[in-house]
Amino acid sequence: MNIIRVFLRSSGLYGYLNVIHNVDSDLHVSSGNRRWKRKPSRREVHRSPPAKLRREPKTSMECGEIMRAIEVVERDSAAIAESFNSLFSSLRLALSEVTTTSVENMQCFSDVVGRVQESALDAATKGNRYINSCLRLNEEMKGVDSLAMRLKVLKKNVDTLDVAVNQLVHFS
Numbered sequence: 008m009n010i011i012r013v014f015l016r017s018s019g020l021y022g023y024l025n026v027i028h029n030v031d032s033d034l035h036v037s038s039g040n041r042r043w044k045r046k047p048s049r050r051e052v053h054r055s056p057p058a059k060l061r062r063e064p065k066t067s068m069e070c071g072e073i074m075r076a077i078e079v080v081e082r083d084s085a086a087i088a089e090s091f092n093s094l095f096s097s098l099r100l101a102l103s104e105v106t107t108t109s110v111e112n113m114q115c116f117s118d119v120v121g122r123v124q125e126s127a128l129d130a131a132t133k134g135n136r137y138i139n140s141c142l143r144l145n146e147e148m149k150g151v152d153s154l155a156m157r158l159k160v161l162k163k164n165v166d167t168l169d170v171a172v173n174q175l176v177h178f179s
């Protein structure tokens, strides 16, 4: 004798149906529960139902209904499995696309960061050259001040010499 317990679950609640298969291939319902209950503990699952719940089917029609119910449960289970398979396939594809996009974005980000780094180094180099040129010009301008003073003194001497030459030319 084989006992098959069929669980129907929804959101943590369940309903169950026990089907007994005798050696002579007759199906009998030992117990069924049409109410929804909380999920049983392990001890409750393995305990056999009370004797008052055990009953023999009245007709072979009831056995046929049980078999049809089991077939419906099997079809629904297969449909649910197919839906889960499709869902997981879609999720795998979406995850693959997201991963590919993330990798491409990271490569693009890496390229942009590399170019920004090159531009920053180039700007720093050019800025240092400009600062060094300004410092050299500043040093040269300090020398120009002393040169300007010498030129002023030289111009004053040339003017004095010119006046002296003009006086000599007029007196002679």
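Quick note, the sequence shown lines up with residues 8 to 179 if you use the numbering used here. Glycine included, C-beta positions come from ideal geometry on N, C-alpha and C.
Any idea what DSSP makes of residue i, helix, strand or coil?
| i | result |
| --- | --- |
| K162 | helix |
| S153 | helix |
| D169 | helix |
Of all the CB atoms in chain B, is at least one closer than 8 angstroms to the CB of residue i?
| i | result |
| --- | --- |
| D118 | The structure shown has no chain B; it contains just one protein chain. |
Please list the segments of the alpha helix (DSSP H) lying wholly inside the stretch 68-135, counting only runs of 4 or more residues, in order along the chain. none
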